[in-house]
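Residue numbers (our numbering): 62 to 280. All remarks here apply to the structure that follows.
Structural data, given as structure tokens:
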């Protein structure tokens, strides 16, 4: 792309490449050339028909910055149009796309200010759906933390999602469905319930009850 003072070359990754960055080279008479790497989405915008044609270093940096903000926001909006994400998940996505950390933080701040991203809202919806699906409190907590959500950010945690009676009832229902043989039943139920994220005390109490009931039925 020729400019009044220089020319710009955009080289996108080859098809099938795992690279998420394009190489942009600005050649200016008398000053030589300067190259920088940008996210592929920004490179595509720079190389598109009718795109801005920066001819100086200052113009290039200004154009890349503006396109970077636009592309990063569009990427977040597209992801959130498919499903909800946490701030941490979106951060990983943007970094994988080649965006610099300062732009990633700026974009996430924009998304939070717009109400597009709300980790507490995500955490509450996630915890409620998984509790209904039979997950125990510990497993829900571990999964939220893996997704970058602290449970102390979730309003009403854990009382509004779990209580000892309801959690014991769910554990008992799940354990009662297990096919038992009378051999190591207690250990099998403990592994099963702990794996589903039920607290140790609840798992042990239910395992004793179900294993004892199975043993009596087999005698």
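By construction, the Cβ of each residue, glycine as well, lies at the ideal position given by its N, Cα and C atoms.
For residue 202, the secondary structure class from DSSP, reduced to helix, strand or coil, is helix. By the Cβ-count criterion, residue 256 is exposed, with fewer than 16 other Cβ atoms from all chains shown falling within 10 Å of its own Cβ. Look at residue 83 here: in three-state DSSP terms it is strand. The residue among 119, 112, 74 and 72 with its C-alpha nearest the C-alpha of residue 89 is 119. Residue 216 sits in coil when the DSSP states are folded into three classes, being neither helix nor strand.
The three-state reading of DSSP puts residue 169 in helix, counting H, G and I together. In this structure, residue 69 and residue 114 form a Cβ contact; the two beta carbons are roughly 6 Å apart against a cut-off of 8 Å.
Look at the beta carbons and you see the stretch 172-191 not touching the stretch 238-249: under three pairs across the two are nearer than 8 Å. Contact between residue 199 and residue 262 fails: their C-beta atoms lie close to 11 Å from each other, not under 8 Å.
Residue 87 and residue 96 have their C-alpha atoms some 6 Å from each other. With 16 or more other CB atoms across the displayed protein chains lying within 10 angstroms of its CB, residue 197 is buried. For residue 194, there is no enclosing alpha helix (DSSP H), as DSSP marks it with neither H nor E. Counted as a single uninterrupted DSSP element, the beta strand (DSSP E) harbouring residue 99 occupies residues 93-100.
Taking C-beta atoms under 8 Å as the contact rule, residue 236 and residue 268 qualify, at a distance of about 7 Å. The C-beta distance from residue 169 to residue 141 rounds to 12 Å, too long to fall under 8 Å, and the pair is not in contact. Leaving aside the five residues that flank residue 232 on each side, the residues in its chain whose CB is nearer than 6 Å to its CB run, in chain order, 254, 259, 263 and 267.
Classified as buried, residue 155 has 16 or more neighbouring CB atoms from the shown chains inside 10 Å of its CB.
Separation of residue 190 and residue 223 (C-alpha to C-alpha, rounded to the nearest whole angstrom) is 12 Å.
Runs of the alpha helix (DSSP H) lying entirely within the stretch 119-149 and spanning at least 4 residues: none are present. Here residue 122 has no same chain residue with a Cβ atom under 7 Å from its own Cβ, once five neighbours each way along the sequence are excluded.
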